[in-house]
Structures are given as C-alpha cells and as structure tokens.
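To keep things clear, I will list the structure first and then write my remarks on it.
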Amino acid sequence: MTVSRNVIRENLACVRERIVNAARRAGRSEKEITLIGVSKTQPAEAIREAYEAGLRHFGENRVQEWEGKRESLKELPGAVFHLIGHLQSNKATRAAKIFDCVDSVDDVPLAQRLQRAHQETAGAGRLRVLIEVHIANEVAKSGAEIEQLPDAAKRIVELPGLDLAGLMCIPPFSDDAGAARPYFRKLRDLRDNLARQLQRELPVLSMGMSHDFELAIEEGTTEVRVGTAIFGARPAK
Ligand SMILES: *Cc1c(COP(=O)(O)O)cnc(C)c1O
Numbered sequence: 078m079t080v081s082r083n084v085i086r087e088n089l090a091c092v093r094e095r096i097v098n099a100a101r102r103a104g105r106s107e108k109e110i111t112l113i114g115v116s117k118t119q120p121a122e123a124i125r126e127a128y129e130a131g132l133r134h135f136g137e138n139r140v141q142e143w144e145g146k147r148e149s150l151k152e153l154p155g156a157v158f159h160l161i162g163h164l165q166s167n168k169a170t171r172a173a174k175i176f177d178c179v180d181s182v183d184d185v186p187l188a189q190r191l192q193r194a195h196q197e198t199a200g201a202g203r204l205r206v207l208i209e210v211h212i213a214n215e216v217a218k219s220g221a222e223i224e225q226l227p228d229a230a231k232r233i234v235e236l237p238g239l240d241l242a243g244l245m246c247i248p249p250f251s252d253d254a255g256a257a258r259p260y261f262r263k264l265r266d267l268r269d270n271l272a273r274q275l276q277r278e279l280p281v282l283s284m285g286m287s288h289d290f291e292l293a294i295e296e297g298t299t300e301v302r303v304g305t306a307i308f309g310a311r312p313a314k
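Structure below.
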C-alpha cells in the first residue's frame, strides 16, 4: 500500500466525520448529503484510491482532462462522474458521453445541445443536470444570471433527455468561510422559489467546498464538492 493511498483514505474518513458532525449540529441526517470528491488535476490513480476507500461520486472540471483519465479507469462499478466546471457548448457532445451528471449548465442552448447529444449516444435514461447560478456577479465566474433563472429553468425542464435536479453555485473565495453563508442562503431561496414556480421538486443543492462545506450543510446543501481536503493540494496552475 502506498503512502498516498493511506493519506487519501484518512482524509476521506476525516471529511466524512466532519460531514456527520455538521449534519448533526444542523439537525440533519448525513444521509441527505452526497460527498463529491473533486479530482481535477489529480492523477487517475488518486481516483482509484478514493474509490477503493469507498468514495463513489467524483467531480472533474474539464472535458479533455477527464477523457484522458477515464481511459485508465475502466472498471469502477457504481461510480458517478460529475462535470462541475464551465462547459463550452462546442464540447457538449463529448461531455454528454463521458459524464453521468452535468452540474454546471448555465444557459438554454447548452442544455439543448446536451439533450441532443444524450439522446443520440446514451438513448435511455436522462442526464442529470444542475443549473449553475452566477450568485455573486463576479466577472471571473460563470453561471446563469439570477434574473434569467426562472425562464431558463422552465425551458430546461421541458427537455425530455435531461433531468433538472437543482442548483449549484460557487461563492466568492474568502479566507473567512462565514462570508459564504449569505450566498448559500440565497441559492437555497432561489431553489425554493423555483420549485414553487415550476411545481416540481428540485431536491439538489450543490454548494460547499473544502473550506466551507460545514457551513453549506447548515444551510441545506445536499451535495458538497470537496477537492483539497481529500486529495491534497493541487499543483499550481
Ligand atoms: C475545484 C473545485 C472544487 C473543490 O475545491 P476545494 O477547495 O479543493 O475543495 C469545488 N467545486 C468546483 C466547481 C471546483 O472547481
């Protein structure tokens, strides 16, 4: 057993314990919270190690990177791969082939492309998508604008190949994890309002990363996206 395998296993146990404790503090069950290990920039071997330690959900942020890594990871039964990074619409067809979920849909044309690609390649079943919301108007971040959300969501739920399950956001980075709380609340409110308007359940809120997932759990998240706390630091860009 390699050293890094032990580290991933221990990190995973630690993150799981923090999820359990945060859920308990919030009066929630940890079963309501899916842990997505964000494996971007990490080698395929790190994904396999986390899988062997019991992790089943993985997040990658680039189509090309995941196309390369998945070649050496053929047999991982039950593993679910989420695209969590901005998707250019000219890569939608490739993304629909290799991801189980696209958590970063930010406009209707992209959703339409995913819908077409999914129906051509996968056929049966629906591709789960989340709408990423441009929650804080930061220039460097993507996502659907809040004002466009009701209309975009209404059109996306009409696409039969897609299953719109909820919303995702990335609040502005801050050393003070507490700074994210208002954004988490805002996303939850947007989700609640949207569910009412669409008269359908939108069960998923994807919010919370290594430095603030406990706070996100207090604010109702159902999926946390945790990279460095599981896999260690990423190489500098
Ligand atoms: C990189 C990334 C994460 C994980 O960030 P950490 O701080 O390493 O936990 C989560 N979500 C998205 C969209 C990311 O790009």
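Residue numbers for the sequence shown follow this note's numbering, beginning at 78 and rising by one.
Idealized CB from N, CA, C, for every residue including glycine.
Original post:
Any heavy atom of ligand 1 within a distance shorter than 6 Å of the CB on residue 98?
Top reply: no
Residue 78 versus residue 126: straight-line alpha-carbon distance, rounded:
The predicted model places residue 78 with a pLDDT of 47, which falls under 50 and marks its position as unreliable; any figure quoted below should be read in that light. The straight-line gap from Cα to Cα measures roughly 10 Å.
How do the segment 102-114 and the segment 256-276 stand: do at least 3 beta-carbon pairs fall below 8 Å, yes or no?
no
**Request:** Flag this pair as touching only if the segment 210-227 and the segment 190-198 have three or more C-beta atom pairs under 8 Å; answer yes or no.
**Result:** no
Beta strand (DSSP E) segment containing residue 241, residue limits: 239-245
Note to self: Please classify residue 131 as buried or exposed, where buried requires at least 16 neighbouring CB atoms within 10 angstroms.
What the structure shows: The residue in question, residue 131, is exposed, as its Cβ has fewer than 16 Cβ neighbours within 10 Å.
Between the alpha carbons of residue 308 and residue 264, how many angstroms are there, rounded? Near 27 Å, if we compare the C-alpha coordinates of residue 264 and residue 308.
May I ask whether a heavy atom of ligand 1 can be found less than 6 Å away from the beta carbon of residue 206? no
Quiz prompt | Rounded separation between residue 283 and residue 300 - CA only | solution = 5 Å
Helix, strand or coil, according to DSSP, for residue 106 in the structure here? coil
message = According to DSSP, simplified to helix, strand and coil, what is residue 250?
response = DSSP, reduced to helix, strand and coil, places residue 250 outside both helices and strands of the structure shown, so it counts as coil.
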